[in-house]
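Using the numbering used here, you'd call the opening residue of the sequence shown number 8 and step up by one each time.
Take a look at the structure below.
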Amino acid sequence: MTDEEIDTSDISPLGDEFFVHARLRMPGKQVSVTLDVDADVLEWFKAQGEDFRNRINAALKIYAEAHKQPHR
8 MTDEEIDTSD ISPLGDEFFV HARLRMPGKQ VSVTLDVDAD VLEWFKAQGE
58 DFRNRINAAL KIYAEAHKQP HR
């Protein structure tokens, strides 16, 4: 599917309020690890494209940020 074929009519435009709270997030330093994951999980990520390793990293980052404990 091309970009032109995607129906985005139900997506509201981003206004100034969105950009007031937006922040630039640059990728941090990465390290190599060996990790065991379920075969079906890996296959799902691989089916998303050649950059599946970056997608796994992004998913883990989102999860980690959502579950951070406030500093005491």
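Ideal placement from N, C-alpha and C gives every residue a C-beta, glycine not left out.
Within the model, the alpha-carbon separation for R32 versus A46 is close to 30 Å. The beta carbon of A73 lies closer than 8 Å to none in the same chain, with the five residues before and after it left out. A distance below 7 Å between beta-carbons, with the five flanking residues on each side excluded, links E50 to no residue of its chain. Straight-line spacing of the CA atoms in P34 and D43 works out to 23 Å.
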